[in-house]
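Its first residue numbered 5, the sequence shown is counted upward by one per residue in the working numbering.
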Amino acid sequence: MLLAGVGSTAAYATDGYFMNGYGASQTALAGAGVAYSQDAMAISLNPAGLVNVDDQTVAGMAIFMPFRSYTAGANGSMTCSPAAPCDAVAPGTHNSGNNWFPVPDFAWTKHLGQDTVLGIGLYGNGGMDTRYSNTAFPFPGSYGPTGVDVNQAFMSVSLAQRFGQFSVGVAPILAMQTFNAFGLKGFAPFSSDGTNLSNNGYAFSYGGGVRAGVEYDVSPSLRLAVAGTSRIYMTNFDIYKGLFAGGGNFDIPASITAGVSYDVRPSVTVMADYKHIFYSDVASVSNPSTNPTAFGSGNGPGFGWHDINVYKFGVDWRYNPAWTLRAGYSYNDSPLNSRDIMLNILAPATVQHHFTGGFKYKWSEHLDLEFSAMYAPEGTLKGTGTLIPYGGMTFGGQPIQISMHEIETMMGITYHWNGRRELEPLK
């Protein structure tokens, strides 16, 4: 039930469709910190870092606000011939509705011994959402609003162990997804199963994988770490097997992160992470939308996303015993190709720059209050829609631009069950 609750509130994310960070401390640092674990939400980034965390419970709630839109030119033709195609995308500028989402997270840690830590985490992993009030693809048979809604949530149990200067952690993952598509019935002639393509309500998918990581304390002030998440193998969305390649398959791609953190002063830590996300491993995400095969088939069209690199930087300043100030910046490659712009009206993952900040306030010996904020300035992609033969007619070929910018704020609390144990480098 808890996993379902998180899954129903996950929103469109930023590193493609993954969250930029999990929990208030990570999001304030733009998701950096694979080698600098500060609280129990380390289970979502590098479970090895849990050895640096005291017995605690972390809970938070983000309000995530993505603003999505597309603009399409008009062909102005009524003949629908190859020389004068009709519109495949509704002309004009259209904004997606549903512009704010609550995204909760929860984590808990318990020391089983001096160097052994058990952790539990529950958090929204990411997703994508568009809800256009118009019929975005006005093929015969299409009607009503157009959009998709993908939500992903993880529940993870971790065990971390310290061996001298090394720490290791393993966190098996139970994942849940929900998906809904509407306004796409006009694509039925291009589908392997037109009845399981659109307007079938919410579908559920379940699966699992594993996250693991290592951390090495080079010195009391310098730490290195690597963590990775396997591909999460999911059950198929059966009532959308006519849309996603492979009969409704929508696995969650693998990722790997490496990073460093360094205490430039006793009160100031800087960190830098590199992350790679393997979108190309999942056909329904990475297959070109121009594949000349039916939607839902083994090599059916996808969104055309490719692997991306993500670069994250953060600074944590313990200003005084009560206040910690944080800031961060991250940049990711665009996963999109202009070739696939028409289908990515449904998933305009165009943002690349993220600016973040936040603070932690020590309310008492047991309780911390935290706040973070993120701004991702507008990113755009321009291209020309695919020419589509349809019942002896031709549609498409319009100029299209997709755009998105994002704002996020988050509040969190951390309760230290046995009193505070400040995070210190291994001596």
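We put the CB at the ideal spot given by N, CA and C, even for glycine.
- Short of 6 angstroms from the beta carbon of V38, and not among the five residues preceding or following it, lie these beta carbons of its own chain, in chain order: L49, N50, A229, A231, T261, G263 and D277.
- Taking the Cα of V55 as reference, the smallest distance to any Cα among F191, G302, V218 and G304 is reached at V218.
- Cβ-Cβ distances below 7 angstroms link A192 to G145, G198 and L201 in the same chain, with the five nearest sequence neighbours on each side left out; the list follows chain order.
- Put simply, the backbone Cα of S265 is about 14 angstroms away from that of A34.
- If you draw a straight line from the Cα of N102 to the Cα of T134, it comes to about 8 angstroms.
- Excluding its 5 nearest sequence neighbours in each direction, F399 has C-beta neighbours in its own chain below 6 angstroms: P89, C90, A92 and I392, listed in chain order.
- Shown here for N184: same chain residues with a beta carbon closer than 6 angstroms to its own, the five before and five after excluded, namely D153 and Y206 in chain order.
- Per the C-alpha coordinates, the member of P149, S162, F254 and M180 positioned closest to Y210 is M180.
- The C-beta of K386 has fewer than 16 other C-beta atoms within 10 Å across all chains shown, which makes the residue exposed.
- Around the beta carbon of F105, a 10 Å sphere encloses 16 or more other beta carbons of the protein chains shown; the residue is thus reported as buried.
- Put simply, the backbone Cα of I349 is about 44 angstroms away from that of V121.
- DSSP, reduced to helix, strand and coil, places S293 outside both helices and strands of the structure shown, so it counts as coil.
- Between the alpha carbons of F158 and P296 lies a distance of about 35 angstroms.
- For S290 against G308, the beta-carbon gap comes to about 7 angstroms, under 8 angstroms, which counts as contact.
- With fewer than three CB-CB distances shorter than 8 angstroms, the stretch 108-127 does not count as touching the stretch 244-263.
- Per DSSP, the unbroken alpha helix (DSSP H) holding Q30 starts and ends at A28 to A32.
- Annotation for G252: the continuous alpha helix (DSSP H) segment containing it runs A249 to G252.
- Per DSSP, P106 is one residue of the beta strand (DSSP E) stretching across F105 to G117.
- If the five residues before and after P142 are omitted, its C-beta is found closer than 6 angstroms to the C-beta atoms of A94, all from its own chain and listed in chain order.
- In this structure G416 touches A28 by the C-beta definition: roughly 3 angstroms separates them, less than 8 angstroms.
- The stretch 316-401 is shown to contain whole beta strand (DSSP E) runs of 3 or more residues at 327-336, 357-366, 371-388, 392-394 and 397-399, in chain order.
- Between the C-alpha atoms of T75 and D337 there is a straight-line separation of about 22 angstroms.
- Residue state for A36 is assigned as coil, using DSSP reduced to three classes.
- In its chain, beyond the 5 residues on either side, F186 and K189 have a beta carbon closer than 7 angstroms to the beta carbon of N203.
- Of the candidates R343, V314, G396 and S271, the residue whose Cα lies closest to the Cα of N324 is S271.
- One Cα belongs to W327, the other to M238, and the distance between them is close to 42 angstroms.
- Per DSSP, D311 lies in no beta strand (DSSP E) segment and is marked neither H nor E.
- For A76, the enclosing beta strand (DSSP E) stretches over residues Q60 to A76.
- Boundaries of the beta strand (DSSP E) around N184: F170 to F186.
- Note on geometry: alpha-carbon atoms of T390 and T294 lie some 7 angstroms from one another.
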